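Residues in the sequence shown are numbered from 354 upward in steps of one, following my numbering. We put the beta carbon where it would ideally sit given N, CA and C, even for glycine. Since the model is a prediction, treat every value here as computed from it, not as a measurement. What follows is one structure encoded as structure tokens, with my remarks underneath.
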Amino acid sequence: MKNLICIVCPRGCRLTVDEENGYMVSGNQCARGQEYGKNEIQHPVRTVTTTMRIQSASMKLCPVRTEKPIPKGMMFDCINALNAITLKAPVKTGDIAFENILSTGVNVIVTRDILS
């Protein structure tokens with residue numbers, strides 16, 4: 354049995370997931386908690402939020418995030434890959450900063466407009 358705190362909504366339900374009985378989830382107050390508990394044990398994923406260097410801009414760093422969650426075990430590899438890249442200004446919110454990061458099928462997008 355694993356104990357988790359659900360992060361889907363502000364309630365923060367204390368979940369217990371029984372891996373031996375088909376990933377039965379208890380302690381959730383909504384269906385979203387049930388799904389979160391099961392997925393967190395079987396296939397944990399996270400949205401990566403970080404910054405990338407940017408040149409020809411008033412700022413030195415540009416905030417970015419993955420469009421969709423990626424496997425939790427790939428988070429640091431994703432950040433390291435993005436640290437090796439420098440964007441070129443101008444960029445707009447929603448622009449793709451990196452396509453198909455680590456062959457996950459997920460794009461990394463810019464989250465702030467930055468002018469030259």
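- Using a 10 angstroms sphere on the CB of G390, the tally of other CB atoms reaches 16 or more, which defines it as buried.
- Taking 7 Å as the cut-off, the beta carbon of N460 is found closer than this to the beta carbon of I449.
- The C-alpha of T404 is placed about 11 Å away from the C-alpha of N433.
- Secondary structure at Q408: strand, using DSSP grouped into helix, strand and coil.
- D430 carries a helical assignment under DSSP once its states are collapsed to helix, strand and coil.
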